[in-house]
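Asker: Using my numbering, the first residue of the sequence shown is number 329, and each one after it goes up by one. We put the beta carbon where it would ideally sit given N, CA and C, even for glycine. First the structure, then my questions, so here it is.
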Amino acid sequence: MSKSNDEVKDGEITTAGIQLKTSRRWLADAVELLSSMRFAISLLTIIAIASVIGTVLKQNEPMPNYVNQFGPFWFEVFGKLSLYAVYSSWWFLLIMTFLVISTSLCIARNAPKMLKDMRSWRENVREQSLRNFHHKAEWTSATAPAVLTQQLVARIAARGYKTKLVAKDNATLITAKQGAANKWGYIFAHSAIVIICVGGLLDSDMPIRAQQWFYGKTPFNGNGIIADIPEEHRLGLGNPTFRGNTLIPEGSASSTAIIPQKDGVMIQDLPFTIQLKKFIIDFYSTGMPKLFASEVVIRDNADGHTFPATIKVNQPLIYKGIAVYQSSFEDGGSKLKLTAYPMAGSSETSFPVTGEVNGTTPLANPALANNGNTDYTIEWSGFRPFNVENMAQSGDDLRAVTKTRSLNQRLSDDLSNHLGNAAKSANKKDLRNVGPSVQYKLRDKTGQAREFSNYMQSIKVDDAYVFLAGVRDTPDEPFRYLRIPADDDDSVQEWMRMRAALLNPELRAAAAHRYAQRAIPESREGIAVLRVQLEQSALRGLSLFAGDGKEAAGGAGYMAISKFLEQVPAQEQEKAADIFMKILNGSMWDLWQVAREKDGLKDLPADEKRARFLQLSTNALSDASFYNAPVYLQMTGFDEIKASVFQVTRSPGKKVVYLGCLLLVLGVFSMLYVRERRLWVWIRPDKDAEGQSHALMAMSSQRKTMDFEKEFEVLKTQLKQTEA
């Protein structure tokens, strides 16, 4: 019975031993994998790919920008992969952590061996093993072994080698080494990777995430005054690392920084207050900023101590371990004065509008209500006090709102001119300041918005002064510009008068009648019928151009005319287009004069200047159907307020990264420029001649280079100088 129990116990011990060995083998295999070069290279490859993605794809942009760029489907896919904030994503930080572990294990496994090898003289060699070296030499010397040994040691030491004498059986071994510090290169380089990764992790958003996990901190995604934001959205003064931004208008102050997060922002409290006294900016002739700096006053929130400072690009202010960098500049809420001109309906009554950059203004006026254009809000998104443009390339940069294709080349060429396409110019620069501009969005009651950019002053384009009114549907599109010709008073008043008249059926009828009377002044019976027909044709052309009537089919301008001419037989389209355009141009002149008469103004002389203005006005009226805005806002004045954008950082890992970079430089230098060489010389008495010596020399190196071959030949020659 006892024997059976003993057998059971032995079986249990054997099973436990097998499990222990299996566990140890699994742990050893895991350590082997983590510390292997293939694992580290795989991690570095993934990090490199992630870095490319983070470079190509703009990081930490507003989410609507990504939706507009990629669409809803890919926006969700990329969002799940955290590609919009690659360097702070959980998987990137996890890879960095594994890289630290892998490299640390590699250092722990190999560094002791390398250090031991650096100290080792490799003296446990035999004469026969030296003969197996590729680089070897043998010779006989008439000098006694003891004397020869001293001579060879002196010559080897003169070449910069460290030497050691080892007594062998009836022989002496000279072992020498040089460049053993090459091993430090590997240790430094691998240690640098660990240190740099640790520094990067210290400066990551891991501390912020830890506060979200353990202290209930959550991003804030609403609107409101920063001082009133609840405590759960704020980070305290003890936050070890952060990187945020703060925008301060001139005359204002801030004691917080905004840290962007995926679902909103975190508010970082600062131990001091930054007050912006003055923002200074200077420009090159190209319009690029040459210098911008901020004159600030810093007040310590703990003791009230204040001191002035100037923060410039690449010259940050560092106070209490926090660096304040001059990042960029923005508008600080400039006050804008504008005049709104209706762009729909027959009203031409303008009205004043005021706004503040980064604010909103409801668009409300009785004239707009009569046209059905209500419930619009103006969102003021930007203001520039001056704009330097390359006017030599206006054909590429100042594009018309539309591009119309016709049924034949003749009409296509005409419409290309009518749409205001600039003449192609040579690739040269004509930099000019074209004055202030304002950028805003018009948002309707459904939440849909289009963005506009209007210049305050008229600009000379193609030998004519025009007001540029830009429009785009999405932020990733370039602006397309409507060109409104400037009248004799350098205003848009005459064009607005023509626009309102074109949409007034009574004035169109009066203009068609006047055109027919002017074109056929005779009153004979047959002529009267032609006059009536011409009047009807002129009225039809004006109605088509205005987008009024069934024939317009919902279109307006030259596009409506082009669609109408599609009904004409193909062989007659060119002739019909020529006649139609002549009637339209003539009736548009009379429409202009009728509109002036309505306002109590006298007719204008039909000269070349007025004809040029009429042509540009007709082109702009055609493009206006695609401008698709209830009003055109022309800036008449402004009170500029500048704002400075500061980047506020606390980065304890910065010095750690600097140390890692230093070690990396030293490591790479050591590996590339320090060559380890080992030398052995076996000296014994010559068997054939008493009092003489026999020497066997062998040499090795990790890298067989031409320099090593040359050094071996030189050493061999110098050491064999005592050869008999």
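1) Less than 8 angstroms between the C-beta atoms of A672 and V681, yes or no?
2) Could you name the residues of the same chain whose beta carbon sits closer than 7 angstroms to that of D591, not counting the 5 residues immediately before and after it, in chain order?
3) Do you know how far the Cα of R1003 is from the Cα of R1031?
4) Do you know whose CA, among L870, F941 and S457, lies nearest M909's CA?
5) So, E451 versus T503, is the Cβ gap smaller than 8 angstroms?
6) For my contact list, L991 and A520 are in at a C-beta cut-off of 8 angstroms; report their separation, rounded to the angstrom.
7) Could you tell me the distance, in whole angstroms, from the CA atom of R738 to the CA atom of M391?
8) Identify which residue in I812, D801 and S765 has its Cα closest to the Cα of G965.
9) Have a look at E936 and L949 and give me their C-alpha separation to the nearest angstrom.
10) Any idea if R846 is buried or exposed, counting beta-carbon neighbours within 10 angstroms, 16 or more meaning buried?
11) For a quick check, are the C-beta atoms of R825 and D927 less than 8 angstroms apart?
12) So, using beta-carbon positions, are T638 and A651 closer together than 8 angstroms?
13) In angstroms with no decimal places, state the Cα-to-Cα distance between I945 and A777.
14) Short check: CB of A904 to CB of L893, under 8 angstroms?
15) With a threshold of 16 other CB atoms inside 10 Å of the CB of K492, please say whether the residue is buried or exposed.
16) Which of the three DSSP states is assigned to R738 in this structure?
17) Drop a sphere of 10 angstroms on the beta-carbon of W402, count the other beta-carbons inside from all chains shown, and report buried for 16 or more, exposed for fewer.
18) Taking just the CA atoms, how far does N388 sit from Q589?
19) From which residue to which residue does the beta strand (DSSP E) around R571 run?
20) Could you tell me which residues DSSP puts in a beta bridge with F600?
21) In the segment 875-932, which residue ranges form an unbroken alpha helix (DSSP H) of at least 4 residues, counting only runs that do not cross its ends?
22) Work out the CA separation of W512 and R1012 for me, nearest whole Å.
23) Tell me whether the beta-carbon of I706 lies closer than 8 angstroms to the beta-carbon of T677.
24) Have a look at the DSSP bridge pairing and note the partners of A971.
25) Buried or exposed: which applies to Y809, given that a residue is buried once 16 or more other Cβ atoms fall within 10 Å of its Cβ?
26) Taking the C-alpha atoms as reference points, what is the distance between Y843 and K788?
27) Can you give me the C-alpha to C-alpha distance between Y783 and Q962, rounded to a whole angstrom?
28) Run through DSSP, which three-state label would K663 get?
29) Look up T705 in the DSSP assignment and give the residues it is bridged to.
30) Assuming the contact rule is C-beta atoms closer than 8 angstroms, L371 and L411 should be a hit. Round their C-beta distance to whole Å, please.
31) Grab the span of the beta strand (DSSP E) containing P803 for me, first residue to last.
32) Could you pull out every residue in the same chain whose Cβ sits closer than 7 angstroms to the Cβ of E404, ignoring the five residues on either side in sequence?
33) Report, in whole angstroms, the separation of the C-beta atoms of V996 and A517, which I expect to be a contact under 8 angstroms.
34) Tell me the DSSP bridge mates of Q506?
35) To the nearest angstrom, how far is the alpha carbon of G723 from that of G683?
36) Pick helix, strand or coil for K386, following the three-state DSSP scheme.
Answerer: According to the data block:
1) The residue given as residue 672 occupies position 344 in the sequence shown. The residue given as residue 681 occupies position 353 in the sequence shown. In this structure, V681 does not lie closer than 8 angstroms to A672 by Cβ.
2) To locate residue 591, count along the sequence shown from 1; it is residue 263. Cβ within range, chain order: P547 and N549.
3) What you label residue 1031 is simply residue 703 of the sequence shown in a count that begins at 1. What you label residue 1003 is simply residue 675 of the sequence shown in a count that begins at 1. So the alpha carbons of these two residues sit roughly 8 angstroms apart.
4) For the purposes of this step, residue 909 is taken as the residue at position 581 of the sequence shown. That would be L870, whose Cα lies nearest to the Cα of M909.
5) As a working note, residue 451 is residue 123 in the sequence shown. As a working note, residue 503 is residue 175 in the sequence shown. In this structure, T503 lies closer than 8 angstroms to E451 by Cβ.
6) For the purposes of this step, residue 991 is identified with residue 663 of the sequence shown, where counting begins at 1. For the purposes of this step, residue 520 is identified with residue 192 of the sequence shown, where counting begins at 1. Going by Cβ atoms, the distance from L991 to A520 rounds to 4 angstroms, so yes, they are a contact pair.
7) Counting from 1 along the sequence shown, the entry for residue 738 is found at position 410. Counting from 1 along the sequence shown, the entry for residue 391 is found at position 63. In this predicted model, R738 has a pLDDT of only 38, less than 50, meaning its place in the structure is not dependable enough to derive any value.
8) To locate residue 965, count along the sequence shown from 1; it is residue 637. Per the Cα distances, S765.
9) The sequence position of residue 936 within the sequence shown is 608, counting from 1. The sequence position of residue 949 within the sequence shown is 621, counting from 1. Between E936 and L949, the C-alpha separation is close to 20 angstroms.
10) Residue 846 sits at position 518 when you count from the first residue of the sequence shown. Exposed, by the Cβ-count rule.
11) Numbered from 1 along the sequence shown, position 497 holds the residue referred to as residue 825. Numbered from 1 along the sequence shown, position 599 holds the residue referred to as residue 927. Cβ atoms of R825 and D927: closer than 8 angstroms.
12) For this step, residue 638 is matched to residue 310 along the sequence shown. For this step, residue 651 is matched to residue 323 along the sequence shown. Not in contact: T638 and A651 (Cβ atoms no closer than 8 angstroms).
13) Indexing the sequence shown from 1 puts residue 945 at position 617. Indexing the sequence shown from 1 puts residue 777 at position 449. First, the amino acid is wrong: residue 945 is Ser here, not Ile. Going by the C-alpha atoms only, they are around 27 angstroms apart.
14) Numbered from its first residue, the sequence shown carries residue 904 at position 576. Numbered from its first residue, the sequence shown carries residue 893 at position 565. Yes, Cβ-Cβ distance for A904 and L893 is below 8 angstroms.
15) If you number the sequence shown from 1, residue 492 lands on position 164. Counting Cβ neighbours within 10 Å, K492 comes out exposed, since fewer than 16 surround it.
16) Here residue 738 refers to the residue found at position 410 when the sequence shown is read from its first residue. Only weak support exists for where R738 lies, its pLDDT of 38 falling under 50; the value from the coordinates is given anyway. Three-state result, R738: helix.
17) If you number the sequence shown from 1, residue 402 lands on position 74. So W402 counts as exposed.
18) Counted from its first residue, the sequence shown places residue 589 at position 261. Counted from its first residue, the sequence shown places residue 388 at position 60. If I take the Cα positions, the gap works out to 8 angstroms.
19) For the purposes of this step, residue 571 is identified with residue 243 of the sequence shown, where counting begins at 1. Note, R571: beta strand (DSSP E), F570 to P577.
20) Sequence index remark: in the sequence shown, residue 600 carries index 272 (1-based). According to DSSP, which records beta bridges pairwise, F600 is partnered with D628.
21) 885-893 and 901-926
22) For this step, residue 1012 is matched to residue 684 along the sequence shown. For this step, residue 512 is matched to residue 184 along the sequence shown. Roughly 36 angstroms between the two C-alpha positions.
23) In the sequence shown, the residue the question calls residue 706 occupies position 378. In the sequence shown, the residue the question calls residue 677 occupies position 349. No.
24) Here residue 971 refers to the residue found at position 643 of the sequence shown. Bridge partners of A971: P577 and E658.
25) Counted from its first residue, the sequence shown places residue 809 at position 481. Buried.
26) Position 515 of the sequence shown, counting from 1, holds the residue named residue 843. Position 460 of the sequence shown, counting from 1, holds the residue named residue 788. Looking at the two C-alpha atoms, the distance is approximately 32 angstroms.
27) Position 455 of the sequence shown, counting from 1, holds the residue named residue 783. Position 634 of the sequence shown, counting from 1, holds the residue named residue 962. Taking the straight line from one Cα to the other gives about 8 angstroms.
28) Within the sequence shown, the letter at position 335 stands for residue 663. Strand at K663.
29) In the sequence shown, residue 705 corresponds to position 377, counting from 1. Its beta-bridge partners are P690 and R771.
30) The residue given as residue 371 occupies position 43 in the sequence shown. The residue given as residue 411 occupies position 83 in the sequence shown. Between L411 and L371 the Cβ distance is about 19 angstroms, and since that is not below 8 angstroms, they are no contact.
31) In the sequence shown, residue 803 corresponds to position 475, counting from 1. No beta strand (DSSP E) holds P803; DSSP gives it neither H nor E.
32) To locate residue 404, count along the sequence shown from 1; it is residue 76. Result list for E404: empty, nothing under 7 angstroms.
33) Here the question's residue 996 lines up with position 668 in the sequence shown. Here the question's residue 517 lines up with position 189 in the sequence shown. Confirmed, Cβ separation roughly 6 angstroms.
34) Here residue 506 refers to the residue found at position 178 when the sequence shown is read from its first residue. Paired residues: R1005.
35) As a working mapping, residue 723 is identified with position 395 in the sequence shown. As a working mapping, residue 683 is identified with position 355 in the sequence shown. For G723, the predicted structure reports a pLDDT of 42, less than 50, and the residue's modelled location is therefore unreliable. A value from the coordinates is still provided. Cα to Cα, G723 sits roughly 32 angstroms from G683.
36) Taking the sequence shown and counting its residues from 1, the one referred to as residue 386 is at position 58. Correct three-state label for K386: coil.
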